[in-house]
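Q: The structure under discussion is supplied below as structure tokens; questions concerning it will follow.
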Amino acid sequence: MMIVRTSEQWRARLLGGLVLFVWGVFGLVCGSAAAEHRLALVIGNARYPEVPLNNPENDARLIASTLRRLGFEVTERENLGTMEFQRVLRDYVRRLQDEDGAAVFYYAGHAVQIGGRNYLLPVDINLRDEEEVRDDAIEIGEQFIKRIEHAKTRVRIVILDACRDDPYVSSRARSGSARGVGLAEMSASGDLIAFSSAPGQAAEDGPPGSGSVYTRSLSKEMLAEDVQVEKMFKNVLVDVLRDTHDQQIPWINSSLTVDFSFHPTSRAATATATASAHDEARPAKVETALAGVPVPTAARSDATPHPEVAWDSSTPVVRSSPVPASRGDRMLSTASGQAEALPAFDEAVKAVVAQLIERAGPDLTAAASQGARSAPLVVDPLIDASTGFRTRATQAVERELLSALHARLPRLETADLSPENLARRPLILIGTVTPLDREGGTFGARTAYAIRLALLDLQRGIVSSSAAARSRLEGADATPTRFYGEMPAWAPDPWTEAYARASNGATAGAPIDPAYRDGLAVSALVSPAIGAYEAGRPREALEAFAKARRQAVQPQLRIESGLYLAATRLDRVGDAQQAFARIVDLGLARGRLGVRFQFRPGATQFLDDAPASSGYGLWLGLVAQRAEIRRGCLQVAGHTSRKGDELASARLSLLRAQTVKERIDAIDPQIASRTVAVGRGFQESLSGLGTDDGRDAIDQRVEFRVLDCHRS
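Start counting the sequence shown at 17; every next residue gets the next number (the numbering used here).
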């Protein structure tokens with residue numbers, strides 16, 4: 017019997033189905049919100065007997081109140097002594113081991129760095145005794161962050177509004193101790209760590225009762241609806257730069273593997289619930305994911321099964337910025353036409369060089385007047401702070417600077433960085449040439465260059481002068497120099513970060529960044545080694561890089577890359593393999609290993625005639641081996657140049673990641689069930705120039721991360 021339904025019947029049927037769908041989604045939303053347990057520990061230490069602070073108590077109360085409004089169960093404590101501080105942290109860590117959901121730790125008060133480690137100071141500690149600080153203060157990395165790395169919580173956020181007035185400021189210069197200004201940079205796998213000021217920089221406490229400028233902005237931005245946490249902290253950055261006239265630069269390191277918003281609305285939750293409903297209808301397998309872009313049907317290959325592992329495939333959005341905005345270098349306007357109003361690159365270079373020479377006049381004139389009796393001016397090669405690479409643009413700035421110096425001060429001796437020249441305790445010139453987006457960051461399409469220079473006086477241990485300018489992109493050649501263009505991989509590198517801080521955060525009269533200063537002896541070995549490699553002397557380069565590695569206190573990407581490249585040139589396969597294994601270990605330990613495979617344009621096939629292609633098998637094998645040792649799940653993330661359609665780029669990056677995943681699975685079948693491919697498109701571009709050639713080849717990398725398989 018044929019059944020014929022009228023349009024009204026179809027409409028009623030459709031409406032009924034829609035009601036059931038909406039009701040089901042509503043139930044999922046409510047269930048999801050109820051299931052996520054939000055825990056927070058908030059501490060404000062202000063009543064230090066010798067150096068009291070004005071606002072940590074007020075700030076802690078404000079953040080605690082804000083978090084309670086956002087559904088957090090908050091433990092709030094003030095003015096903790098050593099024993100109580102340790103007990104409160106232990107109790108909180110113990111709770112996190114058994115709780116799913118989100119965890120936030122907020123601290124306001126005094127903190128210091130000693131020997132590169134960060135210590136939160138209880139109110140009863142002797143601030144004049146560095147040894148007591150080491151013994152009794154809270155070493156945040158070992159005593160807290162490492163203890164929560166394997167907690168069940170999906171989201172872990174650490175916020176440090178510290179370094180307000182350095183309690184050691186009067187004694188540091190006299191003692192020559194290991195204490196540094198501000199806090200040292202930290203990172204942790206799967207966590208977001210936020211600092212109220214950039215590493216090596218102090219934060220403002222504010223007048224009594226006003227609250228810190230950072231916390232006021234943080235509270236406001238936490239309440240903003242449907243803002244992802246990395247974007248929220250970027251908004252805080254903009255607020256604080258504005259309110260402190262660029263004197264305080266908030267900073268974050270993030271390796272969160274899931275999306276998180278402090279204030280999700282029902283609309284955002286509905287979208288999540290809808291996706292969850294679809295996931296439940298599929299087999300319990302990890303879905304390859306695009307960062308913020310729906311996966312087109314064509315981007316999924318039914319021939320390639322997804323790995324069956326119990327972990328969340330949400331695409332992490334890392335916002336660990338290696339490029340702090342410098343004081344005086346205001347954020348770029350979002351208004352259209354801002355970039356066009358900037359000077360050409362050559363004009364900006366001339367202006368910033370003239371500015372630096374004028375500000376450093378007395379020091380430069382004194383050095384020139386002594387001629388050969390004086391220590392020289394040494395150039396530590398300028399870099400792009402986003403990548404750590406030396407480029408033709410950075411070389412152009414160096415040439416202009418040296419030309420201007422020789423014209424103004426003919427008797428001034430200039431020299432390359434080397435152990436011999438460093439021993440004379442010279443003036444050191446450093447700087448960065450970095451493409452920025454419209455908001456002055458390194459996340460969006462780049463629209464301008466930031467050029468920053470600093471002159472460092474090693475004899476006095478201070479910054480002599482600094483200068484900054486911005487320019488249009490046109491006229492600057494971002495092509496990496498030979499060594500950096502041939503490096504097989506990229507990873508967040510401690511030395512690059514120290515160099516960028518020393519340059520971009522330089523203020524006349526301030527101490528030289530301690531991490532940069534302490535690493536200069538090794539850098540003086542690395543710089544000639546790179547020169548030898550680029551001059552076609554691989555044997556000399558290999559020996560110099562090996563010497564630098566013996567002296568370095570921690571792994572450096574430049575050194576290991578140099579050992580790999582020089583050994584490869586000399587056909588020393590074993591040495592090359594060991595060097596690349598160390599590169600992999602460095603990247604995986606730092607949470608990001610970007611390997612520079614070259615693909616055919618717009619395709620997923622490797623470019624077989626690329627100079628480095630013969631090493632691809634070795635690279636993939638070592639990635640699989642080192643990831644297997646770590647016993648986690650391996651995420652393979654494709655990236656593309658910032659060019660063309662966003663959806664098409666996301667799809668291409670996913671397909672390229674799947675290609676690499678298949679090769680790794682074939683090399684090591686044991687890890688196949690614990691690998692997943694994701695596509696980033698151009699969301700995490702390092703260069704961001706969108707040239708799709710050698711100038712932004714790093715943006716086409718495939719990035720590897722080892723994640724916790726059991727986090728959901």
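Don't be surprised by glycine CBs; every beta carbon is placed ideally from N, CA and C.
This one's a predicted model, so the numbers in the text were calculated from it and none came from an experiment.
Ordered along the chain, which non-local residues of its own chain (more than five positions away) have a Cβ less than 6 Å from that of Y122?
A: Result list for Y122: V58, I79 and I175, in chain order.
Q: Going by Cα to Cα distance, which pick from D396, R454 and V449 is closest to L438?
A: Answer by Cα proximity: D396.
Q: If you draw a straight line from the C-alpha of R54 to the C-alpha of S277, how long is it?
A: Answer to the nearest angstrom: the Cα atoms are 12 Å apart.
Q: Within a Cβ cutoff of 8 Å, which residues of the same chain sit near T169, ignoring the five residues on either side of it in sequence?
A: Once the five neighbours on either side are set aside, the close Cβ partners of T169 are L55, L112, E115, D116, G117, A118 and A119.
Q: Tell me the residue span of the beta strand (DSSP E) that contains V174.
A: Residues V171 to D177.
Q: My understanding is that L489 touches T523, with C-beta atoms under 8 Å, so please give their C-beta distance in whole angstroms.
A: L489 to T523, Cβ: 28 Å. No contact.
Q: Where do the ends of the alpha helix (DSSP H) carrying T381 lie?
A: Here the alpha helix (DSSP H) through T381 covers G377 to S385.
Q: Residues in the same chain with beta-carbon distance under 6 Å from S701, minus the five sequence neighbours each way, listed in chain order, please.
A: Answer for S701: R658 and D715, listed in chain order.
Q: Rounded C-beta distance between L380 and L425? I'm assuming under 8 Å.
A: With 8 Å as the limit, L380 and L425 qualify as a contact, their Cβ atoms being about 6 Å apart.
Q: Apart from the five residues just before and just after G447, which ones in its own chain have a Cβ nearer than 6 Å to its Cβ?
A: The residues are L398, R468, L469 and S519.
Q: Please go through the segment 126–160 and give each complete alpha helix (DSSP H) segment of 4 or more residues, from N-terminal end onward.
A: Taking only runs of at least 4 residues, the alpha helix (DSSP H) segments lying wholly in the segment 126–160 are 146–152.
Q: Of the residues A531, A595 and V128, which one's Cα is nearest the Cα of N142?
A: Cα-wise, what sits closest to N142 is V128.
Q: Report, in whole angstroms, the separation of the C-beta atoms of A360 and S487, which I expect to be a contact under 8 Å.
A: The Cβ separation is near 6 Å, so the contact holds.
Q: Is the number of C-beta pairs between the segment 675–682 and the segment 690–699 that are closer than 8 Å three or more?
A: Yes, they touch.
Q: Closest Cβ-Cβ distance between R93 and chain C: below 9 Å?
A: Absence of chain C from the displayed structure is noted, only one protein chain being present.
Q: Look at the Cβ atom of A713, then the Cβ atom of I599, and state whether they are nearer than 9 Å.
A: Not a contact, by the Cβ cut-off of 9 Å.
Q: Select from V611, D709 and L705 the residue whose C-alpha is nearest the C-alpha of E719.
A: Per the Cα distances, V611.
Q: If we call anything under 9 Å between Cβ atoms a contact, is T430 one with H422?
A: Cβ atoms of T430 and H422: closer than 9 Å.
Q: Can you tell which of Y465, L452, S482 and T273 has its C-alpha closest to the C-alpha of V369?
A: Out of Y465, L452, S482 and T273, S482 has the C-alpha closest to the C-alpha of V369.
Q: Using only the alpha-carbon positions, how far apart do P68 and R77 sit?
A: C-alpha separation (whole angstroms): 17 Å.
Q: Quick check: the Cα distance between D708 and A401, rounded to an integer number of angstroms?
A: Their backbone Cα atoms lie some 20 Å apart in a straight line.
Q: So, at 7 Å on beta carbons, what are the nonlocal neighbours of D601 in its own chain, with the 5 sequence-adjacent residues on each side left out?
A: Around D601: R642.
Q: Is it a yes or a no for the segment 551–565 touching the segment 576–588, going by three-plus beta-carbon pairs under 8 Å?
A: Yes, the segment 551–565 touches the segment 576–588.
Q: So what's T512 in DSSP terms, helix, strand or just coil?
A: In the structure shown, T512 sits in a helix (DSSP, three-state: H, G or I).
Q: Buried or exposed: S419, going by 16 or more other Cβ atoms within 10 Å of its Cβ?
A: So S419 ends up on the exposed side.
Q: Can you tell me where the beta strand (DSSP E) with F211 in it begins and where it stops?
A: Counting along the chain, the beta strand (DSSP E) containing F211 begins and ends at D207 to F211.
Q: List the endpoints of the continuous alpha helix (DSSP H) containing L253.
A: Per DSSP, L253 belongs to the alpha helix (DSSP H) from V245 to D259.
Q: Judging by CA-CA distance, which residue of S577, A540, P530 and R476 is the nearest neighbour of E436?
A: The shortest Cα separation from E436 among S577, A540, P530 and R476 belongs to A540.
Q: Apart from the five residues just before and just after E363, which ones in its own chain have a Cβ nearer than 8 Å to its Cβ?
A: Excluding positions up to five away in sequence, the list reads S487.
Q: Which same chain residues, not among the five before or five after R754, have their C-beta less than 6 Å away from its C-beta?
A: With the chain covering 17 to 728 only, the question about residue 754 has no answer from this structure.
Q: Just to check my reading of the structure: E155 and R172 have Cβ atoms closer than 8 Å, yes? What is that Cβ distance to the nearest angstrom?
A: Not really, about 18 Å apart at Cβ, beyond 8 Å.
Q: Under the rule that 16 or more other beta-carbon atoms within 10 Å means buried, what is P571, buried or exposed?
A: Label assigned to P571: buried.
Q: Can you tell me which of I575, D681, T231 and I546 puts its alpha carbon nearest to the alpha carbon of Q264?
A: Ranking I575, D681, T231 and I546 by Cα distance to Q264 puts T231 first.
Q: Rank D275, R476 and T403 by C-alpha distance to the C-alpha of R574 and give the top, closest one.
A: Minimum Cα distance to R574 is reached at T403.
Q: Below 8 Å on the Cβ atoms is my contact criterion, and I expect G710 with T495 to pass it. Report the Cβ-Cβ distance as a whole number of Å.
A: Going by Cβ atoms, the distance from G710 to T495 rounds to 6 Å, so yes, they are a contact pair.
Q: Going straight from the alpha carbon of P627 to that of F249, what length do you get?
A: Computed Cα separation, rounded: 41 Å.
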